[in-house]
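Heads up, the thing below is written out as C-alpha cells.
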Amino acid sequence: RIIGSEDAQRAMAACKYDAIDLDMQEHTFELHVGAVVWATGWRPYDASRIQPYGYDRFANVITSVEFERMMDPFGPTGGKLLRPSDGKPAKDVAFIQCAGSRDRNHLKHCSRICCMASLKQSTYVREQFGDEGRVSIYYIDIRAIDRFEDFYARVKADGNVRFIKSKVASITGDRATDNVILNGVNTEGYHRYSNPHDLCVLAVGMEPSVDRGKFPVEVVVDQNGFIEAAPGNGAVFAAGCSSDALDVNRSVQSATAAALRAIQVVNRVAGVEG
C-alpha cells in the first residue's frame, strides 16, 4: 500500500541489507522438494456475517483486531482510544466474547486467544482513562488457558471491569448519542438488559488461511477447515494456525514439530535413494 509514497522510500533506505525491491514483479516458478511445511496462518472471522451485531451498520462496533491496531502508538489514532463515529474518547467499552466462535451458524470451534486478548485489551481502557474508564465483558465462559488464571483474577478484581455472563442477542444504535446498545439476557439471574456503551469490540474468531484449491496435492482437513495430521497428507505438514486455533506459544511448538517431521521425511528419502 505504501509503494510510490515517501514512506516506501524511507522503508527501503532503512533496510541495511538491501532486501527491499520496490520494482519487484510477481513471477511463478517450480520447486522440487521432499516435504512441505504448510504455515499459512489465520485470518479474523468476517464480523459482517454476524448480522445481529451490526458491524457493517454501526461505526462504533469494531473487531478486536481493529481495536488492537487503534491502540498502537503508530496506529491511525496514535494510540488514543477514540470512537470511529465522532472521534470522541471511548471511555465505556464493551467486549463481546465468542463473536462468531462456538456457534453452529458460524465457527464451531473455540478460537483460544479471544478471552485473553479481551482481558489484555480491557487494561488498555483502564490505563488510558484511569477511574473514568469502564469495561463490560460479555462472555459465555472465560477460558484463561495455561498460566493466565492469575491475570484473569487480577482483571476480575478491578471494580471498573464488569463480567456479564451472556451471549449478546443483538446490538442497536442510539442516534442521539451514537452509543451502541447491547441487548440480551444475563444468565446469572436471568434478567434482560439493554446496556449503552461508547464502543463495542467483537472478539472475532480465528479461521485458517488454508486454500486447498491453490495447492498441488490433496490434504485432509477437519470440519473447521484446519489441516489434520493425517497419513493421507503424505509429506505435507501443517504448522501453527493452519493446523488448529493456537496462541503464539502453541504455534511455535507446532511449527517446531512440523519442521522436525519434514526433516525426518527428507532424510529418510535421501537415505533410501542414496
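Residue numbering for the sequence shown follows the working numbering, starting at 25 and increasing by one per position. Just so you know, even glycine gets a beta-carbon here, dropped at the ideal spot from N, CA and C. Computed from a prediction, not measured in an experiment: that's the story for all the values here.
About 6 angstroms separates the beta carbons of Phe-172 and Met-140, which is inside the 8 angstroms limit, making them a contact pair. For Cys-39, the secondary structure class from DSSP, reduced to helix, strand or coil, is coil. Annotated three-state conformation of Glu-231 is strand, per DSSP.
Considering only Pro-108, Arg-81 and Thr-147, the residue with the shortest C-alpha distance to Asn-184 is Thr-147. When only Cα atoms are considered, Met-94 and Ala-259 end up about 41 angstroms apart. In this structure, DSSP gives Asp-116 an extended state, which the three-state scheme calls strand. For Lys-144, the enclosing alpha helix (DSSP H) starts and ends at 138-153.
Around the beta carbon of Gly-256, fewer than 16 other beta carbons lie within 10 angstroms, which makes this residue exposed. Residues Ala-83, Asn-84, Pro-113, Ala-114, Asp-202, Asp-222 and Leu-223 of the same chain have their beta carbon placed closer than 8 angstroms to that of Arg-107, with the five preceding and five following residues left out of the count.
Here Val-159 has Val-117, Ser-146, Val-149 and Val-185 as same chain residues with Cβ atoms under 6 angstroms from its own Cβ, once five neighbours each way along the sequence are excluded. Sorting Val-61, Arg-285 and Val-225 by C-alpha distance to the C-alpha of Val-192 places Val-225 at the top.
Note that the C-beta distance between Trp-66 and Cys-265 is below 8 angstroms. In this structure Ser-218 touches Ile-205 by the C-beta definition: roughly 5 angstroms separates them, less than 8 angstroms. Counting every other CB atom within 10 Å of its CB across the protein chains shown gives Phe-119 a total of 16 or more, marking it as buried. Under the DSSP assignment, Tyr-77 falls outside any alpha helix (DSSP H); it carries neither an H nor an E label. In the three-state reduction of the DSSP assignment, Ser-266 falls in the helix class. The residues Val-61, Ala-282, Arg-285 and Ala-286, in chain order, have a CB closer than 6 angstroms to that of Phe-261 in the same chain once the five nearest residues on each side in sequence are set aside.
Val-179 counts as buried, since at least 16 other C-beta atoms from the protein chains shown sit within 10 angstroms of its C-beta. For the pair Tyr-69 and Val-228, the CB atoms are nearer than the 8 angstroms cut-off. For Leu-55, the three-state secondary structure derived from DSSP is coil.
Around Val-245, the same chain offers Ile-251 as residues with beta carbons nearer than 6 angstroms, after the five sequence neighbours per side are excluded.
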